[in-house]
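Q: Numbering (numbering that gives the first Met the number 0), first residue to last: 0 to 453.
Even glycine gets a Cβ: it sits at the ideal position worked out from N, Cα and C.
To start, I am sharing the structure in question, which I have written as structure tokens.
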Amino acid sequence: MSGGKPGAVPRRGMHLGVFVETTGRHLAAWRHRDVAPHAPMSLDHYRAVAAEAERGLFDLFFLADGLAIRDRSAERLGRSPKAHFEPLTLLSALSTATRHIGLVATASTTFNEPFHVARKFASLDHLSGGRAGWNIVTSSSSTEAENFGSAPIPPAAKRYQRADEFVEVVTGLWDSWDDDAVVADQQSGRYFHPQSLHALEHRGEHFQVRGPLNVTRTPQGRPLLVQAGSSDAGISFGARHGEVIYTAQTTLGDAQAFIRRIKGLAQDHGRRADDLRVLPGLFPVVGASRSEAQEKFDYLQSLVHPEVGLAQLEHHLGGVDLSAYPPDALFPELPEAQGATSRAALLAHVARRDGLTIRDLYLQVAVARGHPVVIGTASDIADFMQAWFEQGAADGFNIMPGWLPQGLGEFVDRVVPELQRRGLFRTRYEGRTVRELMGLRQPASRFAAHASAV
């Protein structure tokens, strides 16, 4: 099966992930009248979110993560939840409460070691029956670096160089065991074929890892590789390694250009365009009418505290200090930041294009951090999704409910049936693993491929 032309209209249905950020994507979600304020540290809360996602036949349950508490200001610090579960621990618990949905956890290549990451995700893949995914991040925050020693955060180019080798080691460790290595023959006393266990013997610039991994080949061969990044380095990395790509695009044209670029680059690296699924983020607010949906949105916006909004904007601009600027002044020209430069550049572009003030921009950031926002009826939201999907701008969407679990439940109740009515989305789960669910190939082991070539 050929990969097809990058950006071509897909023949399959769209894919949906849910972006789970404690109580919701909106910055003030925890203050929503329908949200339990202690939900960020409640397993029952995440079980409820996962149940809604599976009720809606979603492909992926995606857990964001960070390795530091960022705010230095005491005033800002106490005005939003800062604590959350470690993702792999939480998803291991949720693997017993779900049956179909893919479970994607974030793990940094800058502040981890490959053997640890390989072992943990392989274990989750076994526990979940083949539903694990690794969201690969390089980390860009100096506050995270301070939790792992005194060295400053490396430049983006260095982080991605390390990440390339990191992924090479992890996938090699996942290939340690052949698919048929374990025989578990009690009669003969043979548990596995020793010739089917492979040491990696990796010696690189950043890592020296002998292997093999002490977890057998997983149900889907390798856990799913997920990546987000719109900088040149991030796009190149995703084209080499990513199987699901999260992205922030605000217009149809930008999304079409992105998907053509990254799938074209994937083909340049010897992959097929169909080896990637590109899921732009989408912040939907659905109501029985457009006015009802707008009321829900306006209520959320009214909950944003100015100090919290400003702190969030500063973070997404790479840590720049905006406290000296009047909040109702036009957004200023700023130097290029070292951190999350693709998102910072996007926000600065939007501010200049639309003539936004600092307050306008932090209220936009409070919603979806640069992702499109659609406020309206189920038909309005489905129209937007259908246009992007059918015009080669998306293989699906990473849905970012403003508040959880109710905001997701409203999407499942209203928008999912409309997508199904239009023939755009599944009506039942098919496939055993998350790769099968998303129509992605199971990668061959590098050791098996080498043996067949000899």
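Per DSSP, what kind of secondary structure is Gln-337 in: helix, strand or coil?
A: Residue 337 sits at position 338 when you count from the first residue of the sequence shown. In this predicted model, Gln-337 has a pLDDT of only 47, less than 50, meaning its place in the structure is not dependable enough to derive any value.
Q: Grab me the residues of His-192's own chain with a C-beta within less than 6 Å of its C-beta, minus the 5 sequence neighbours each way, in chain order.
A: If you number the sequence shown from 1, residue 192 lands on position 193. Excluding residues within five positions, the ones whose Cβ falls inside 6 Å are Ala-180.
Q: Please go through the region 81–168 and give each complete beta strand (DSSP E) segment of 3 or more residues, from N-terminal end onward.
A: 101–107, 131–136
Q: What residue range does the alpha helix (DSSP H) around Phe-383 cover?
A: Mapped onto the sequence shown, residue 383 falls at position 384. Phe-383 -> alpha helix (DSSP H) spans 377–389.
Q: Does Pro-305 come out as helix, strand or coil in the three-state DSSP assignment?
A: The sequence position of residue 305 within the sequence shown is 306, counting from 1. The answer is helix: DSSP assigns Pro-305 an H, G or I state.
Q: What's the gap between the Cα of Ala-35 and the Cα of Glu-85?
A: As a working note, residue 35 is residue 36 in the sequence shown. As a working note, residue 85 is residue 86 in the sequence shown. Going by the C-alpha atoms only, they are around 20 Å apart.
Q: In three-state terms, what does DSSP make of Trp-402?
A: Taking the first residue of the sequence shown as 1, we reach residue 402 at position 403. Note: Trp-402 maps to coil in three-state DSSP.
Q: At which residues does the beta strand (DSSP E) containing Gln-226 begin and terminate?
A: Position 227 of the sequence shown, counting from 1, holds the residue named residue 226. It spans 223–227 - the beta strand (DSSP E) in which Gln-226 sits, taken as one unbroken run.
Q: Given a threshold of 16 other Cβ atoms within 10 Å of its Cβ, counted over all protein chains shown, does Val-182 qualify as buried or as exposed?
A: The sequence position of residue 182 within the sequence shown is 183, counting from 1. Exposed, by the Cβ-count rule.
Q: For the beta strand (DSSP E) that contains His-14, what are its first and last residues?
A: Translated into the one-based positions of the sequence shown, residue 14 becomes position 15. Start and end: 14–19.
Q: Alpha carbon to alpha carbon, how far is Ile-457 from Ala-117?
A: Given that the chain is displayed from residue 0 to residue 453, the structure contains no residue 457 and the question cannot be resolved.
Q: What residues match up with Asn-397 in a beta bridge as DSSP calls it?
A: Locating residue 397 in the sequence shown gives position 398, where the first residue counts as 1. Bridge partners of Asn-397: Gly-16, Gly-280.
Q: Can you tell me where the alpha helix (DSSP H) holding Ala-365 begins and where it ends?
A: Walking along the sequence shown from the start, residue 365 turns up at place 366. DSSP places Ala-365 inside the alpha helix (DSSP H), whose first and last residues are 357–367.
Q: In terms of residue numbering, what span does the beta strand (DSSP E) encompassing Tyr-190 cover?
A: Here residue 190 refers to the residue found at position 191 of the sequence shown. Per DSSP, Tyr-190 belongs to the beta strand (DSSP E) from 189–191.
Q: Would the region 341–357 count as touching the region 267–280 if we require 3 or more Cβ pairs under 8 Å?
A: no
Q: How should Leu-248 be labelled, buried or exposed, when 16 other C-beta atoms within 10 angstroms of its C-beta is the threshold for buried?
A: If you number the sequence shown from 1, residue 248 lands on position 249. In the sequence as displayed, the identity of residue 248 is Gln instead of Leu. That one is buried.
Q: Buried or exposed, going by whether 16 or more other CB atoms sit within 10 Å of the CB of Asp-184?
A: By one-based count along the sequence shown, residue 184 stands at place 185. It is exposed - the Cβ of Asp-184 has fewer than 16 other Cβ atoms within 10 Å.
Q: At what residues does the beta strand (DSSP E) containing Gln-27 begin and finish?
A: Here residue 27 is taken as the residue at index 28 of the sequence shown, counted from 1. The sequence given here places Ala at residue 27; Gln does not occur at that position. Neither: Ala-27 is in no beta strand (DSSP E) and is coded neither H nor E.
Q: For Arg-69, which option in Lys-81, Ala-27, Glu-435, Gly-406 has the closest C-alpha, if you only look at C-alpha atoms?
A: Looking up residue 69 in the sequence shown gives position 70. Among Lys-81, Ala-27, Glu-435, Gly-406, the Cα nearest to that of Arg-69 is on Lys-81.
Q: Quick one: what does DSSP say Ala-183 is sitting in, helix, strand or coil?
A: Taking the first residue of the sequence shown as 1, we reach residue 183 at position 184. Of the three classes helix, strand and coil, the one that applies to Ala-183 here is strand, per DSSP.
Q: Hey, how far is the Cα of Ile-244 from the Cα of Gln-186?
A: Taking the sequence shown and counting its residues from 1, one reaches residue 244 at position 245. Taking the sequence shown and counting its residues from 1, one reaches residue 186 at position 187. Approximately 47 Å, taken between the alpha carbons.
Q: Please state if the CB of Leu-59 and the CB of Met-437 are separated by a distance shorter than 9 Å.
A: Here residue 437 refers to the residue found at position 438 when the sequence shown is read from its first residue. Here residue 59 refers to the residue found at position 60 when the sequence shown is read from its first residue. Result yes, Cβ atoms of Met-437 and Leu-59 sit closer than 9 Å.
Q: Between Val-364 and the rest of its own chain, which residues show a CB-CB distance below 8 Å, the 5 nearest in sequence each way excluded?
A: Mapped onto the sequence shown, residue 364 falls at position 365. The answer, listed in chain order, is Leu-26, Gly-308, Gln-311, Leu-312, His-315, Leu-346.
Q: Are there any heavy atoms of the ligand ZN lying less than 8 Å away from the beta-carbon of Arg-69, as far as the coordinates show?
A: In the structure on display, the ligand ZN does not appear, and there are no ligands present to speak of.
Q: Is it buried or exposed, Glu-200, if we count other Cβ atoms within 10 angstroms and call 16 or more buried?
A: Translated into positions along the sequence shown, residue 200 becomes position 201. With fewer than 16 Cβ atoms within 10 Å of its Cβ, Glu-200 is classed as exposed.
Q: What is the DSSP secondary structure of Gly-263, reduced to helix, strand or coil?
A: Taking the sequence shown and counting its residues from 1, the one referred to as residue 263 is at position 264. Three-state result, Gly-263: helix.
Q: Using 9 Å as the threshold, is the C-beta distance between Phe-18 and Ile-398 below it?
A: Translated into the one-based positions of the sequence shown, residue 18 becomes position 19. Translated into the one-based positions of the sequence shown, residue 398 becomes position 399. One thing to note: Phe-18 has its Cβ within 9 Å of the Cβ of Ile-398.
Q: By Cβ distance below 7 Å, which residues in the same chain neighbour Gly-338 in space, the five residues on each side in sequence not counted?
A: Numbered from its first residue, the sequence shown carries residue 338 at position 339. Any reading at Gly-338 needs caution, since the residue's pLDDT is 47, under 50, leaving its predicted position unreliable; the model's value is listed next. Excluding residues within five positions, the ones whose Cβ falls inside 7 Å are Ser-139, Ser-140, Gly-317, Gly-318.
Q: Quick check: the Cα distance between Val-103 and Tyr-159, rounded to an integer number of angstroms?
A: In the sequence shown, residue 103 corresponds to position 104, counting from 1. In the sequence shown, residue 159 corresponds to position 160, counting from 1. Near 21 Å, if we compare the C-alpha coordinates of Tyr-159 and Val-103.
Q: Return the CA-CA distance between Pro-416 and Trp-387, expressed in angstroms with no decimal places.
A: Residue 416 sits at position 417 when you count from the first residue of the sequence shown. Residue 387 sits at position 388 when you count from the first residue of the sequence shown. Cα to Cα, Pro-416 sits roughly 18 Å from Trp-387.
Q: Let me know if Gln-226 comes out buried or exposed under the rule of 16 or more other beta-carbons within 10 Å of its beta-carbon.
A: Here residue 226 refers to the residue found at position 227 of the sequence shown. The residue in question, Gln-226, is buried, as its Cβ has 16 or more Cβ neighbours within 10 Å.
Q: Measuring CB to CB, does Val-433 end up less than 9 Å from Leu-224?
A: Looking up residue 433 in the sequence shown gives position 434. Looking up residue 224 in the sequence shown gives position 225. Contact: no.
Q: By Cβ distance below 6 Å, which residues in the same chain neighbour Phe-147 in space, the five residues on each side in sequence not counted?
A: Within the sequence shown, the letter at position 148 stands for residue 147. Hits under 6 Å: Phe-110.
Q: Could you spell out the range, first to last residue, of the beta strand (DSSP E) harbouring Ile-244?
A: Here residue 244 corresponds to residue number 245 of the sequence shown, with the count starting at 1. It spans 243–246 - the beta strand (DSSP E) in which Ile-244 sits, taken as one unbroken run.
Q: Does Met-384 pass the burial test, meaning 16 or more other C-beta atoms within 10 Å, or should it be called exposed?
A: Looking up residue 384 in the sequence shown gives position 385. Of the residues assessed, Met-384 falls on the buried side of the cut-off, its CB having 16 or more other CB atoms within 10 angstroms.
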